[in-house]
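Report on the following structure.
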């Protein structure tokens with residue numbers, strides 16, 4: 012009777028659980044070809060949760076499809092856009108949508124103002140705060156105009172560059188130029204975050220000053236790599252533009 016009662020009442024908890032990823036790894040033949048690659052891929056899949064939901068949310072707000080190539084480039088830039096850990100954290104938080112927009116705050120706290128502090132419009136979601144706000148139009152237009160002048164390549168303002176630092180694939184930009192765009196657009200996003208709750212957007216001049224101030228960091232990056240010549244190859248166009256724009260600057 013006791014055995015029958017236990018079987019009827021507690022059998023679900025006594026059943027063996029379904030095999031998990033650890034069980035599958037333990038069952039892998041260590042002598043089989045490609046075992047190390049298989050183990051590494053399995054661990055990576057568990058350690059790196061899917062970003063599909065984040066990507067879909069960005070696509071929804073931007074009103075466009077983000078290709079696998081562009082999304083992969085955005086993810087890679089979290090680690091490669093800058094050697095500065097704080098810059099990498101900014102890139103990480105932007106990509107993963109971790110900043111609190113006015114729209115999100117209004118959902119979290121009843122009575123919170125959902126309007127954009129710059130243009131007073133709704134919805135003030137992340138896409139709006141980083142890109143589509145009318146008060147940011149001149150800011151981004153001037154930055155992309157600067158890119159066009161420096162790299163001698165017609166570059167229209169586009170959200171994937173503004174939000175993620177991914178340069179347009181259809182351009183003739185070199186790898187070094189794309190890295191420069193990734194870094195300088197990151198500084199633009201950083202300025203937007205500094206002005207996150209302010210009524211006035213950042214200025215183009217302030218962005219240029221930020222770029223030139225951070226060239227010491229870039230010089231350090233190339234020095235560590237033992238390639239200072241490449242530093243001037245990448246950044247001399249910015250330096251020349253800055254000297255022409257602000258001739259009184261030492």
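In our numbering, the protein residues as written are 12 to 261.
No residue lacks a Cβ here, since even glycine has one placed at the ideal position from N, Cα and C.
Just how far apart, CA to CA, sit residue 72 and residue 237? 42 Å
How should residue 136 be labelled, buried or exposed, when 16 other C-beta atoms within 10 angstroms of its C-beta is the threshold for buried? buried
Would you kindly work out how many angstroms separate the C-alpha atoms of residue 336 and residue 40, rounded to a whole number? Lying before the first or after the last residue shown, residue 336 is absent from the chain, which here runs from 12 to 261.
In or out: residue 119 buried (at least 16 other Cβ within 10 Å) or exposed? exposed
Measuring CB atoms only, is the stretch 208-223 touching the stretch 160-179, in the sense that at least three cross pairs come out at less than 8 Å? no
On the criterion of 16 or more Cβ atoms from any shown chain inside 10 Å, does residue 186 qualify as buried, or is it exposed? exposed
Excluding five sequence neighbours on each side, which residues of the same chain lie with their C-beta closer than 8 Å to the C-beta of residue 126? 113, 132, 133, 135
With 16 other Cβ atoms within 10 Å as the buried cut-off, status of residue 96: exposed
Short Cβ contact (8 Å threshold) for residue 94 with residue 102: no
Buried or exposed by the 16-neighbour rule on C-beta atoms within 10 Å, applied to residue 145: exposed
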